[in-house]
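Asks: If you use the UniProt record's numbering, the sequence shown corresponds to residues 1 to 386, in order.
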Amino acid sequence: MAGRVDLDGNPIKPISICMIGAGGFIGSHLCEKLMSETPHKVLAVDVYSDKIKHLLEPATLPWADRIQFHRINIKNDSRLEGLIKMADLTINLAAICTPADYNTRPLDTIYSNFIDALPVVKYCSENGKRLIHFSTCEVYGKTIGAFLPKDSPLRQDPAYFVLKEDTSPCIFGSIEKQRWSYACAKQLIERLVYAEGAENGLEFTIVRPFNWIGPRMDFIPGIDGPSEGVPRVLACFSNNLLRREPLKLVDGGESQRTFIYIKDAIEAVLLMIENPARANGHIFNVGNPNNEVTVRQLAEMMTQVYSNVSGESSIETPTIDVSSKEFYGEGYDDSDKRIPDMTIINRQLGWNPKTSLWDLLESTLTYQHRTYAEAVKQAMSKTTAN
Ligand code: NAD
Ligand code: UDP
Numbered sequence: 001m002a003g004r005v006d007l008d009g010n011p012i013k014p015i016s017i018c019m020i021g022a023g024g025f026i027g028s029h030l031c032e033k034l035m036s037e038t039p040h041k042v043l044a045v046d047v048y049s050d051k052i053k054h055l056l057e058p059a060t061l062p063w064a065d066r067i068q069f070h071r072i073n074i075k076n077d078s079r080l081e082g083l084i085k086m087a088d089l090t091i092n093l094a095a096i097c098t099p100a101d102y103n104t105r106p107l108d109t110i111y112s113n114f115i116d117a118l119p120v121v122k123y124c125s126e127n128g129k130r131l132i133h134f135s136t137c138e139v140y141g142k143t144i145g146a147f148l149p150k151d152s153p154l155r156q157d158p159a160y161f162v163l164k165e166d167t168s169p170c171i172f173g174s175i176e177k178q179r180w181s182y183a184c185a186k187q188l189i190e191r192l193v194y195a196e197g198a199e200n201g202l203e204f205t206i207v208r209p210f211n212w213i214g215p216r217m218d219f220i221p222g223i224d225g226p227s228e229g230v231p232r233v234l235a236c237f238s239n240n241l242l243r244r245e246p247l248k249l250v251d252g253g254e255s256q257r258t259f260i261y262i263k264d265a266i267e268a269v270l271l272m273i274e275n276p277a278r279a280n281g282h283i284f285n286v287g288n289p290n291n292e293v294t295v296r297q298l299a300e301m302m303t304q305v306y307s308n309v310s311g312e313s314s315i316e317t318p319t320i321d322v323s324s325k326e327f328y329g330e331g332y333d334d335s336d337k338r339i340p341d342m343t344i345i346n347r348q349l350g351w352n353p354k355t356s357l358w359d360l361l362e363s364t365l366t367y368q369h370r371t372y373a374e375a376v377k378q379a380m381s382k383t384t385a386n
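1. Is the separation between the beta-carbon of ASN103 and that of GLN178 shorter than 8 Å?
2. Using CA coordinates, which residue listed in ILE84, ARG216, SER112 is at the minimum distance from LEU131?
3. GLY82: which of LEU247, CYS18, ASP333 sits nearest, CA to CA?
4. On the three-state DSSP scale, how would you describe GLU254?
5. Return the CA-CA distance between GLY145 and ASP88, expressed in angstroms with no decimal places.
6. Between the alpha carbons of LYS51 and THR90, how many angstroms are there, rounded?
7. Using a Cβ-based criterion (distance less than 7 Å to any ligand heavy atom), does TRP180 qualify as near the ligand NAD?
8. Between THR303, SER174, THR205, which lies nearest to LEU270 when the distance is taken from Cα to Cα?
9. Please tell me whether, using a cut-off of 7 Å, the distance from the CB of LYS263 to the nearest non-hydrogen atom of the ligand NAP is below it.
10. Compute the Euclidean distance between the alpha carbons of THR384 and PHE161, then round it to the nearest angstrom.
11. Return yes when the C-beta of ALA94 is under 7 Å from any heavy atom of the ligand NAD, and no when it is not.
12. With 16 as the cutoff for other CB atoms within 10 Å, does HIS40 come out buried or exposed?
13. For the stretch 61-75 against the stretch 146-159, do three or more pairs of beta-carbon atoms, one drawn from each stretch, fall closer than 8 Å, so that the two count as touching?
14. Using CA atoms only, rank isn't needed, just tell me which of GLY24, ILE171, GLY350 is closest to CYS97.
15. Tell me whether GLN256 is buried or exposed, calling it buried when 16 or more other Cβ atoms sit within 10 Å of its Cβ.
16. Can you check whether the CB of ASP341 is closer than 8 Å to the CB of LYS142?
17. Closer than 8 Å is the cut-off here; do at least three beta carbon pairs connect the stretch 325-334 with the stretch 246-262?
18. Would the C-beta of PHE237 count as close to the ligand UDP, meaning under 7 Å from any of its heavy atoms?
19. With a threshold of 7 Å (Cβ to nearest heavy atom), would ASP334 be considered close to the ligand UDP?
20. For the ligand NAD, is there a heavy atom less than 7 Å away from the beta-carbon of CYS124?
21. Ends of the beta strand (DSSP E) at MET19?
22. Which class does HIS40 belong to by DSSP, given the choice of helix, strand or coil?
23. If the criterion is Cβ atoms closer than 8 Å, does the pair LEU247 and ALA299 meet it?
24. Measure the alpha-carbon distance for THR38 versus LYS13 and round it to whole angstroms.
25. Along the chain, which unbroken stretches of the alpha helix (DSSP H) at least 4 residues long are found entirely within the stretch 138-215?
26. Among MET301, GLU316, ALA185, ILE220, which one has its Cα closest to the Cα of LEU361?
27. Does the distance from the C-beta atom of GLU190 to that of VAL139 stay below 8 Å?
28. Kindly list the residues whose CB is nearer than 7 Å to the CB of ILE339, restricted to its own chain and excluding five residues on each side of it in sequence; keep chain order.
29. Ignoring anything shorter than 4 residues, give me the alpha helix (DSSP H) runs that lie fully in the stretch 69-127, in order along the chain.
30. For a quick check, are the C-beta atoms of SER307 and HIS369 less than 8 Å apart?
31. If we count the other Cβ atoms within 10 Å of its Cβ and call it buried at 16 or more, is SER135 buried or exposed?
32. Do ILE266 and HIS29 have their CB atoms nearer than 8 Å?
33. Kindly list the residues whose CB is nearer than 7 Å to the CB of GLY329, restricted to its own chain and excluding five residues on each side of it in sequence; keep chain order.
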């Protein structure tokens, strides 16, 4: 850890970070990185701590004096401002961010992603504290290309689909399509953060994650989350594979995504934390443009990789089609394609993702199998016995 320098060769001074949403998927990986590779301190704020328990106990851990957990709901806790004041930097990860909630719990989604984030921005601005705010690639919505005729050659032209922080428009569906409640709330909080920077000098960085995936993402329904819960696609498909049931392809699985390994993405966040002069005032896409697949291709690849890591042959009908109405309910809509432009993050932070989709699925599904296979087997045999 000694002698660490930033991208301009200056020594990195230890700082204190107020991390809100530290107990979630991204937060747990960021805490792990900060504890094992840096001298920084973390005031970890969340309502849950299960995913960071291994970093908090026992008290003999080498970083025990550098991480402190505060069980706080930021909706209604006056301790929040004090923690932000104590820290040099605040990172806000707290959010409702599973698509199954956007159209079924739109009010909670809007409150969580906009209203609850407001005091965080305000306290940072008023107290002259730096903020790294987590937004989403979903603020881009649909691509311009999605509105071209299906057979238009322009659909192949990157100008119609590559998503650029400073030039791409944000294209959402109608208000009835409540799917966009999340994207719209995130867009408005981005605009507010940006305006605080412009009018009041807030030092900010906005992160737009493009489908970060890896161990500890979401939950396996009925094992460490509600049986009827619908997590994001990695956990949905993992659950299907663990239970030896077909993977469900929503509306034919034609949507395209680029997936990035959480550990690659965390490298980018650490560069932002430690290079404020290069990161302040910027919005960064963080994704892997080389890992694009359709959801159907993802299902096929996950089936193959899971079979390799578990040693179990795949089932006869590995996938089935379901309508989005059946799977998510009324008001669902989808982003058609998400390829991040990497120019800005490359120029400012010299960062590039490394891990291929195959490799990241191998390590993630090995983790899923090791963590859940036995518990799923037991839960399934109990259900059969009843
Ligand atoms: P996550 O759900 O695993 O983590 C969010 C954490 O915030 C949870 O631990 C939750 O308990 C906590 N939280 C929510 N409301 C809170 C409140 N009122 N008070 C205290 N804690 C609260 O999600 P994640 O994947 O780690 O995502 C983190 C951030 O990144 C979110 O803002 C999300 O919108 C954004 N994001 C993530 C991805 C991705 O690929 N994982 C993609 C786009 C955007
Ligand atoms: N999806 C699917 N089957 C599932 C879960 C998700 O086909 O069991 C699709 C979903 O409709 C979307 C994509 O997978 O097109 C990615 O979904 P995710 O929940 O990860 O979030 P998103 O990328 O849409 O924010």
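Built from N, CA and C at the ideal position, the CB exists for glycine as well.
Replies: Short version:
1. Your numbering for residue 103 matches position 103 in the sequence shown. Your numbering for residue 178 matches position 178 in the sequence shown. Taking C-beta atoms as the reference points, ASN103 and GLN178 count as a pair closer than 8 Å.
2. Position 131 of the sequence shown holds residue 131. The residue with the shortest Cα to Cα distance from LEU131 is ILE84.
3. Here residue 82 is taken as the residue at index 82 of the sequence shown, counted from 1. Check the Cα spacing between GLY82 and each of LEU247, CYS18, ASP333: the tightest is with CYS18.
4. Along the sequence shown, read from residue 1 onward, the residue named residue 254 stands at position 254. DSSP, reduced to helix, strand and coil, places GLU254 outside both helices and strands of the structure shown, so it counts as coil.
5. Working through the sequence shown from its first residue, we reach residue 145 at position 145. Working through the sequence shown from its first residue, we reach residue 88 at position 88. Near 42 Å, if we compare the C-alpha coordinates of ASP88 and GLY145.
6. Taking the first residue of the sequence shown as position 1, residue 51 is located at position 51. Taking the first residue of the sequence shown as position 1, residue 90 is located at position 90. Cα to Cα, LYS51 sits roughly 20 Å from THR90.
7. For the purposes of this step, residue 180 is taken as residue 180 along the sequence shown, with counting starting at 1. No - the ligand NAD has no heavy atom lying nearer than 7 Å to the Cβ of TRP180.
8. The sequence position of residue 270 within the sequence shown is 270, counting from 1. Checked all of THR303, SER174, THR205; the closest Cα to LEU270 is THR205.
9. Absence of the ligand NAP from the depicted structure is noted, with the ligand NAD and the ligand UDP being the only ligands included.
10. The residue you call residue 384 lines up with position 384 of the sequence shown. The residue you call residue 161 lines up with position 161 of the sequence shown. Cα to Cα, the separation comes out at about 48 Å.
11. Within the sequence shown, residue 94 is the residue found at index 94, counting from 1. Result yes, Cβ under 7 Å from the ligand NAD.
12. Here residue 40 refers to the residue found at position 40 when the sequence shown is read from its first residue. That one is buried.
13. Cβ pair count under 8 Å is below three, so no.
14. Residue mapping note: residue 97 aligns to position 97 of the sequence shown, counting from 1. Residue GLY24 is the option with its Cα nearest to CYS97.
15. Sequence index remark: in the sequence shown, residue 256 carries index 256 (1-based). Per the 10 Å Cβ criterion, buried.
16. As a working note, residue 142 is residue 142 in the sequence shown. As a working note, residue 341 is residue 341 in the sequence shown. No. Outside cutoff.
17. The stretch 325-334 vs the stretch 246-262: in contact.
18. For the purposes of this step, residue 237 is identified with residue 237 of the sequence shown, where counting begins at 1. The closest heavy atom of the ligand UDP lies less than 7 Å from the beta carbon of PHE237.
19. Taking the first residue of the sequence shown as position 1, residue 334 is located at position 334. True, at least one ligand heavy atom lies under 7 Å from that Cβ.
20. Counting from 1 along the sequence shown, the entry for residue 124 is found at position 124. The beta carbon of CYS124 sits no closer than 7 Å to any heavy atom of the ligand NAD.
21. Within the sequence shown, numbered from 1, the residue matching residue 19 stands at position 19. Counting along the chain, the beta strand (DSSP E) containing MET19 begins and ends at 16-20.
22. Translated into positions along the sequence shown, residue 40 becomes position 40. HIS40 carries a coil assignment under DSSP once its states are collapsed to helix, strand and coil.
23. Sequence index remark: in the sequence shown, residue 247 carries index 247 (1-based). Sequence index remark: in the sequence shown, residue 299 carries index 299 (1-based). Yes, these two residues count as a Cβ contact at 8 Å.
24. Translated into the one-based positions of the sequence shown, residue 38 becomes position 38. Translated into the one-based positions of the sequence shown, residue 13 becomes position 13. Rounded to whole angstroms, THR38 and LYS13 show a C-alpha spacing of 10 Å.
25. Whole alpha helix (DSSP H) segments, 4+ residues: 180-200.
26. Within the sequence shown, the letter at position 361 stands for residue 361. LEU361 has its Cα closest to that of MET301, out of MET301, GLU316, ALA185, ILE220.
27. In the sequence shown, residue 190 corresponds to position 190, counting from 1. In the sequence shown, residue 139 corresponds to position 139, counting from 1. It is a contact, given that the beta carbons lie within the stated cut-off.
28. Numbered from its first residue, the sequence shown carries residue 339 at position 339. PHE161, VAL162, LEU163, THR258, PRO289, GLU292.
29. Counting whole runs of 4 or more residues, the stretch 69-127 contains the alpha helix (DSSP H) stretches 79-86, 99-102, 106-113, 118-126.
30. Within the sequence shown, the letter at position 307 stands for residue 307. Within the sequence shown, the letter at position 369 stands for residue 369. At the C-beta level, SER307 and HIS369 stay beyond 8 Å of one another.
31. The count along the sequence shown starts at 1 and reaches residue 135 at position 135. That one is buried.
32. Sequence index remark: in the sequence shown, residue 266 carries index 266 (1-based). Sequence index remark: in the sequence shown, residue 29 carries index 29 (1-based). Closer than 8 Å, so yes.
33. As a working note, residue 329 is residue 329 in the sequence shown. Taking C-beta separations shorter than 7 Å and ignoring five residues to either side along the sequence, the partners of GLY329 in its chain run ASN103, THR104, following chain order.
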